[in-house]
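Engineer: Here it is, the structure, as structure tokens.
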Amino acid sequence: MPSDSNKDDESKREIDLGWQRHDSKTKSSEDKDAKKLLQEMKRLGLDPSGLRKFTLSLHKLAVASGVSSARLTGIIKELDALCEGKKISLTEASDYIQQLAERQRMLLTATEDLGNRKKSLEVQVSLRELEYSTSKDTMSEFARIKQDLHKRNLSFTDLSKLIALITAAEQVGYASSVIIDALSDLKSKEQKKKEIDTEIESLLNSKRTLQD
Numbered sequence: 011m012p013s014d015s016n017k018d019d020e021s022k023r024e025i026d027l028g029w030q031r032h033d034s035k036t037k038s039s040e041d042k043d044a045k046k047l048l049q050e051m052k053r054l055g056l057d058p059s060g061l062r063k064f065t066l067s068l069h070k071l072a073v074a075s076g077v078s079s080a081r082l083t084g085i086i087k088e089l090d091a092l093c094e095g096k097k098i099s100l101t102e103a104s105d106y107i108q109q110l111a112e113r114q115r116m117l118l119t120a121t122e123d124l125g126n127r128k129k130s131l132e133v134q135v136s137l138r139e140l141e142y143s144t145s146k147d148t149m150s151e152f153a154r155i156k157q158d159l160h161k162r163n164l165s166f167t168d169l170s171k172l173i174a175l176i177t178a179a180e181q182v183g184y185a186s187s188v189i190i191d192a193l194s195d196l197k198s199k200e201q202k203k204k205e206i207d208t209e210i211e212s213l214l215n216s217k218r219t220l221q222d
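Below is the structure:
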């Protein structure tokens with residue numbers, strides 16, 4: 011029956027073997043990553059001997075851009091996974107990002123254009139509404155004038171003739187304002203005559219009533 015000391019030695023050996031296997035896997039993974047990085051640097055035309063300088067440049071770029079080293083590492087891994095999964099190079103990925111930026115710019119331009127067209131249409135609608143309102147007021151004024159002419163047994167034809175007469179009088183030296191004042195005075199006198207005729211008729215009716 012194994013002693014406690016032998017059991018402890020056996021457990022220690024198992025732990026050591028476990029760490030050795032872990033270190034071996036870690037080293038193998040790191041070696042693969044390093045080889046992959048060196049291959050990518052060669053493909054991009056970078057000197058593998060300048061790996062340390064390249065890494066320091068990336069770190070300085072991250073610090074200057076306000077990006078943490080961990081975030082920069084994550085972005086590089088994401089780009090690498092994207093390139094590997096889609097089978098495209100980093101150059102093609104850069105071109106694709108530029109295309110997306112150009113599409114975004116075109117969408118912003120189109121949005122601004124639509125905004126300007128919307129404003130233009132709103133102005134046109136306002137002008138149409140103003141035009142409709144003006145036309146409505148004009149039609150109401152037209153109906154009122156037509157009604158006034160009808161009360162006096164006149165028409166627009168008579169009005170046109172009057173305008174033609176005033177124009178002809180102006181051509182022979184008469185001022186239109188004088189003619190209009192004369193017509194207005196005539197209208198006033200006609201109105202006064204009607205009032206006098208109404209008073210006379212009222213007096214005659216009163217006289218007849220007294221005689222009866």
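Just so we're aligned, residue 11 is where the sequence shown starts under my numbering, counting upward by one.
Cβ coordinates follow ideal geometry from the N, Cα and C atoms, glycine included.
Rounded to whole angstroms, what's the CA-CA distance from LYS156 to GLU141? Just pull it up for me.
Structural biologist: Using only the alpha carbons, I get a separation of about 22 Å.
Engineer: So, with DSSP's three-state summary, where would you put SER67?
Structural biologist: Correct three-state label for SER67: helix.
Engineer: For ILE173, which residues from the same chain have a beta carbon less than 8 Å from its beta carbon, with the 5 sequence-adjacent residues on both sides left out?
Structural biologist: Closer than 8 Å at Cβ, skipping near neighbours: no residue.
Engineer: Can you list the alpha helix (DSSP H) stretches of 4 or more residues lying completely in the region 114-171, in chain order?
Structural biologist: Taking only runs of at least 4 residues, no alpha helix (DSSP H) segment lies wholly in the region 114-171.
Engineer: In three-state terms, what does DSSP make of SER187?
Structural biologist: Here SER187 sits in helix by DSSP.
Engineer: Out of curiosity, what's the CA-to-CA distance linking ALA153 and SER145?
Structural biologist: Rounded to the nearest angstrom, the two C-alpha atoms are 12 Å apart.
Engineer: In angstroms with no decimal places, state the Cα-to-Cα distance between ASP147 and GLN201.
Structural biologist: Their backbone Cα atoms lie some 29 Å apart in a straight line.
Engineer: Alpha carbon to alpha carbon, what distance is there between ASP207 and LEU214?
Structural biologist: Computed Cα separation, rounded: 11 Å.
Engineer: Suppose you measure from the CA of ASP123 to the CA of LEU131; what does that come to, to the nearest Å?
Structural biologist: Straight-line Cα distance between these residues: approximately 12 Å.
Engineer: What did DSSP end up calling GLY76 once you bin it into helix, strand or coil?
Structural biologist: GLY76 falls in the coil class under three-state DSSP.
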